[in-house]
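Engineer:
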Amino acid sequence: MRIRIDKMAALGVTTMLCIAPVALAQTPTDAEIAQVRDLLGFGPATTRAVVDGSFRQQPQFGKYDAKEQSCLIGALTPEVDAELRNAFKTLFADSETTGAWLRFGRTAGGDKFTGLMRAAVDAKLKGVAAPSPFSAIDQMSKAEQADISAFMQSPAAAVLKKDFPDMPMPEAFGKRAAQRCGIEWPEQ
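Going left to right, the sequence shown walks through residues -25 to -1, 1 to 163 as mature numbering (1 follows the signal peptide of the UniProt record, and there is no 0) numbers them.
Printed below as a string of structure tokens:
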């Protein structure tokens, strides 16, 4: 009878250990997502630059004066930022993944690697060629390469293999922004 209880207890402990990681996986907080976005070059300035660049590429927006354009960009930026935050929450599915990325960013190799990722985002915004962060690994120290190698073998690195989630930009965004600015939104 004692053996049976021990087996039952072991089964219970094993079951709890298997279930615990699933139960503990939490959706990343907005603060964690903000830190990861900054780490990877997708902070508030990038969001504003994306909105500004996208806005200025639309010929129909040339009809607005500078003040109206500035108002629209200012009104659209929080809407786009919320969609970007949701996209990052989808990409970085849990707090464990965001935490692993933030810890990686504090290592010497992670700091260089994520710095290259930020530079690539900045280059993309400027419309210039952006080298891959992976192309510079050969120029890093052995310790930095070891940091990167260890991280790339972790589950958190799987984020790099995922497609970036679609970010819907409903027509309602523009209409709400135009309404806030007291101007007419062009019909598509």
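Note that beta-carbon positions come from the ideal geometry of N, C-alpha and C, so glycine has one too.
Please read these numbers as outputs of a predicted model, since none were measured by experiment.
Ignore the nearest five residues each way along the sequence and tell me which others in residue 96's own chain have a CB closer than 6 Å to its CB.
Structural biologist: Counting only Cβ-Cβ distances below 6 Å, and skipping sequence neighbours, we find 16.
Engineer: If we call anything under 7 Å between Cβ atoms a contact, is residue 1 one with residue 70?
Structural biologist: Yes, these two residues count as a Cβ contact at 7 Å.
Engineer: Tell me, please, whether the segment 147 to 154 touches the segment 46 to 59 by the rule of three or more beta-carbon pairs shorter than 8 Å.
Structural biologist: Touching, per the Cβ criterion.
Engineer: Does the separation of the CB atoms of residue 140 and residue 62 fall below 7 Å?
Structural biologist: Yes.
Engineer: In terms of alpha-carbon separation, which member of 110, 94 and 66 lies closest to residue 103?
Structural biologist: Selected option, being the one with the closest Cα: 94.
Engineer: Can you tell me where the alpha helix (DSSP H) holding residue 99 begins and where it ends?
Structural biologist: Element bounds for residue 99: 83 to 101.
Engineer: Could you check which residue in 86, 156 and 134 has the C-alpha nearest to that of residue 123?
Structural biologist: Nearest of 86, 156 and 134 to residue 123, Cα basis: 86.
Engineer: Specify whether the segment 28 to 48 and the segment 74 to 91 touch according to this definition: at least 3 beta carbon pairs, one from each stretch, less than 8 Å apart.
Structural biologist: The segment 28 to 48, when compared against the segment 74 to 91, does not touch it at the 8 Å Cβ threshold.
Engineer: Applying the criterion that 16 or more other CB atoms from any shown protein chain within 10 Å of the CB defines a buried residue, is residue -3 buried or exposed?
Structural biologist: Any answer about residue -3 is weak, because its pLDDT of 42 lies below 50 and its placement is not dependable; what the coordinates show is given next. Exposed, because fewer than 16 other Cβ atoms sit within 10 Å of the Cβ of residue -3.
Engineer: Got a sec? Which residues, its chain only, sit under 7 Å from residue 159 by beta carbon, not counting five neighbours each side?
Structural biologist: So the qualifying residues of the chain are 153.
Engineer: Could you check whether the segment 120 to 134 touches the segment 23 to 39, counting it as contact only if at least three pairs of C-beta atoms, one from each stretch, sit closer than 8 Å?
Structural biologist: No contact exists between the segment 120 to 134 and the segment 23 to 39.
Engineer: Can you tell me where the alpha helix (DSSP H) holding residue 123 begins and where it ends?
Structural biologist: That run of the alpha helix (DSSP H) goes 117 to 127.
Engineer: Please state the DSSP three-state secondary structure of residue 158.
Structural biologist: Reduced to three states, the DSSP call for residue 158 is coil.
Engineer: Nearest to residue 156 by alpha carbon, out of 60, 29 and 39?
Structural biologist: Of the candidates 60, 29 and 39, the one whose C-alpha sits nearest the C-alpha of residue 156 is 39.
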